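Trainee: My questions will all concern the structure given below.
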Amino acid sequence: GDSVTQMEGPVTLSEEAFLTINCTYTATGYPSLFWYVQYPGEGLQLLLKATKADDKGSNKGFEATYRKETTSFHLEKGSVQVSDSAVYFCALSEPWGGSARQLTFGSGTQLTVLP
Amino acid sequence: DGGITQSPKYLFRKEGQNVTLSCEQNLNHDAMYWYRQDPGQGLRLIYYSQIVNDFQKGDIAEGYSVSREKKESFPLTVTSAQKNPTAFYLCASSPQDRGVGTEAFFGQGTRLTVV
């Protein structure tokens, strides 16, 4: 079955540091890939997505590139801010094939950015 | 504004009681989902529904029940058979189409605690 593996957290960085959160996946088909962010006590919000190989998703300074050859979708940001402190989830969904579009999530990575 | 509303935000349950978590969406989405989130873990799928009056079990359906009598509503009942119900519950919805890259939209969550 499908699975998503994220780097273990928690991750603690100083403001303006470079961020990388690794994500690799296993899928039977050709999935779409997502990064979601969860702020304390809230639901998940879509951060960015990519739907085919070599696509780069980007939003709010975050980027991730769909690498089919390495089955990876690593999240990066060049300069983090305190407001980026949250839990980040990597997820995938298989192409719609007669069933509800289900997301398979990684375990999440807690990011804390210190001023 | 369109979105997903979960209520209540916090819920306390006594041992042996059934409780129902509400989820309403006004996004006109066909598919709806319930996820459970435990500390330090990813999201696990409890139930999902593609269409009114139809739903399927997810990975951890034991001790839970759902109904889908209206397109807008997908309530989750946590029964007394669920031995460890304390968790954060997230409801989500998505369009039911054949396009790739369609993300799920999440509610703000309900935190259930057994007292």
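Here the protein sequences line up with chains D and P, keeping their order. If you want the working numbering, it's the 1-based position in the first sequence plus 188. If you want the working numbering, it's the 1-based position in the second sequence plus 93. Positions of the beta carbon are idealized from the N, C-alpha and C atoms, including for glycine. The structure presented is a predicted model; accordingly, all values stated were derived computationally and were not measured.
Tell me the start and end of each unbroken beta strand (DSSP E) in the segment 117-175 of chain P that is at least 3 residues and wholly inside, in chain order.
Mentor: The qualifying runs are 124-130, 136-144, 147-150, 157-159 and 169-171.
Trainee: Can D:Tyr276 and D:Val225 be called in contact, C-beta distance under 8 Å?
Mentor: yes
Trainee: With distances taken Cα to Cα, identify the nearest neighbour of P:Thr179 among P:Gly96, P:Thr98 and P:Gln110.
Mentor: P:Gln110
Trainee: Comparing C-alpha positions only, which one of P:Arg137, P:Val145, P:Asp147 and P:Asn119 sits nearest to P:Phe198?
Mentor: P:Asn119
Trainee: Between the segment 112-130 of chain P and the segment 154-171 of chain P, can you find at least three pairs of beta-carbon atoms closer than 8 Å?
Mentor: yes
Trainee: The beta strand (DSSP E) spanning D:Lys248 covers which residue range?
Mentor: Looking at the DSSP string, D:Lys248 is not in any beta strand (DSSP E), and its letter there is neither H nor E.
Trainee: Since P:Glu196 meets chain D, which of its residues come closer than 7 Å, beta carbon to beta carbon?
Mentor: Ordered by position in chain D, the residues that pass the 7 Å Cβ test against P:Glu196 are Phe222, Leu234 and Lys237.
Trainee: Tell me the DSSP bridge mates of D:Ala238?
Mentor: D:Leu221
Trainee: Would a check of beta-carbon distances place P:Leu138 closer than 8 Å to chain D?
Mentor: yes
Trainee: Can you tell me whether P:Ile144 is buried or exposed, with buried defined as 16 or more other CB within 10 angstroms of its CB?
Mentor: exposed
Trainee: Could you tell me the boundaries of the beta strand (DSSP E) in which P:Phe49 lies?
Mentor: Outside the displayed range of chain P (94 to 208) lies residue 49 of chain P, so it cannot be described from this structure.
Trainee: Assign P:Asp131 to buried or exposed, taking buried as 16 or more other Cβ atoms, counted over all protein chains shown, within 10 Å of its Cβ.
Mentor: exposed
Trainee: Let me know the secondary structure DSSP gives D:Ser271 once reduced to three states.
Mentor: helix
Trainee: For D:Glu251, collect the residues of the same chain with a Cβ closer than 8 Å to its Cβ; drop the 5 residues on either side in sequence, then sort them by chain order.
Mentor: Leu236, Lys244, Gly245, Leu263, Glu264 and Lys265
Trainee: Considering D:Ser191, what are the terminal residues of the beta strand (DSSP E) in which it resides?
Mentor: Taken as a continuous stretch (DSSP letters only), the beta strand (DSSP E) holding D:Ser191 covers Ser191 to Gln194.
Trainee: How would you list, in chain order, the residues of chain D whose beta-carbon sits under 8 Å from the beta-carbon of P:Gln134?
Mentor: Ser295 and Gly296
Trainee: D:Val301: which of D:Asn247, D:Glu203 and D:Cys211 sits nearest, CA to CA?
Mentor: D:Glu203
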